[in-house]
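**Student:**
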Amino acid sequence: MAETTEDFTPTAEGVAYTSESAGAATESGRTSTIAPAGATGRRKQAIARVRIVPGSGTWTVNGKPLEEYLPNKLHQQIAKEAFVETGLDGQFDVIARVTGGGMTGQAGALRLGVARALNAVDLEANRATLKKAGLLTRDARVKERKKAGLKKARKAPQYSKR
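In terms of our numbering, the sequence shown opens at residue 4 and continues consecutively.
If you want it as structure tokens, here you go:
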């Protein structure tokens with residue numbers, strides 16, 4: 004039985020096939036529009052009202068710089084994820100008002116708000132990238148309420164046979 008071999012033509016990088024994919028904004032060769040936009044992001048009990056305006060990449064959250072408001076580097080990374088994915092890091096100033104929840108919830112709310120604002124700025128250039136990264140989906144998980152007769156939402160008192 005003869006085996007057939009297919010000829011692969013290398014791409015611009017010189018690789019015939021790779022499982023790694025570049026960002027959608029760079030694949031299309033089209034740059035994103037830079038314009039002001041606003042959106043709301045929610046996560047757990049946190050609500051973030053986000054406004055992005057063309058600028059130098061300054062973050063202001065509740066009147067404070069991002070590094071001061073979210074001192075944890077992981078939370079800063081979560082909040083900036085939408086800009087990193089689209090390759091627009093440093094091209095927009097972010098002004099946000101965040102209320103409710105804890106630090107993780109507020110960082111997640113900021114991420115969703117920024118992603119929705121970037122989506123509103125330029126649908127064709129940004130939506131595919133943001134959607135593929137899962138940044139436009141609201142994380143609907145919230146704390147389950149406590150039930151009567153239980154210690155917490157699901158934790159029951161210890162069973163005693165006698």
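Just so you know, even glycine gets a beta-carbon here, dropped at the ideal spot from N, CA and C.
With DSSP as the reference, label residue 37 as helix, strand or coil.
**Tutor:** The answer is coil: DSSP assigns residue 37 none of H, G, I, E or B.
**Student:** Give the DSSP bridge partners of residue 67, in chain order.
**Tutor:** Looking at the DSSP assignment, residue 67 forms a beta bridge with 64.
**Student:** Cα separation between residue 59 and residue 88?
**Tutor:** Near 18 Å, if we compare the C-alpha coordinates of residue 88 and residue 59.
**Student:** Between residue 84 and residue 114, what straight-line distance do the alpha-carbon atoms span, to the nearest angstrom?
**Tutor:** C-alpha separation (whole angstroms): 7 Å.
**Student:** Roughly how many whole angstroms lie between the Cα atoms of residue 68 and residue 97?
**Tutor:** Cα to Cα, residue 68 sits roughly 10 Å from residue 97.
**Student:** If we count the other Cβ atoms within 10 Å of its Cβ and call it buried at 16 or more, is residue 75 buried or exposed?
**Tutor:** Residue 75 should be labelled exposed.
**Student:** Cβ atoms of residue 44 and residue 53: under 8 Å apart, would you say?
**Tutor:** Result yes, Cβ atoms of residue 53 and residue 44 sit closer than 8 Å.
**Student:** Check residue 151 in the structure and name its three-state DSSP category.
**Tutor:** Of the three classes helix, strand and coil, the one that applies to residue 151 here is coil, per DSSP.
**Student:** Going by C-alpha distance, which of 81, 61, 159 and 103 is nearest residue 51?
**Tutor:** Selected option, being the one with the closest Cα: 103.
**Student:** If I'm right that residue 49 touches residue 112 with Cβ under 8 Å, what's the distance once you round it to whole angstroms?
**Tutor:** With a Cβ gap of about 4 Å, residue 49 and residue 112 count as contacting.
**Student:** Between which residues of its own chain and residue 92 is the CB-CB distance below 8 Å, once the five residues before and five after are set aside?
**Tutor:** Counting only Cβ-Cβ distances below 8 Å, and skipping sequence neighbours, we find 60, 83 and 86.
**Student:** Does DSSP put residue 136 in a helix, a strand or coil?
**Tutor:** Of the three classes helix, strand and coil, the one that applies to residue 136 here is coil, per DSSP.
**Student:** Whose C-alpha, out of 106, 117 and 95, is nearest the C-alpha of residue 71?
**Tutor:** Here the closest residue by C-alpha is 106.
**Student:** In three-state DSSP terms, what is residue 128?
**Tutor:** Three-state result, residue 128: helix.
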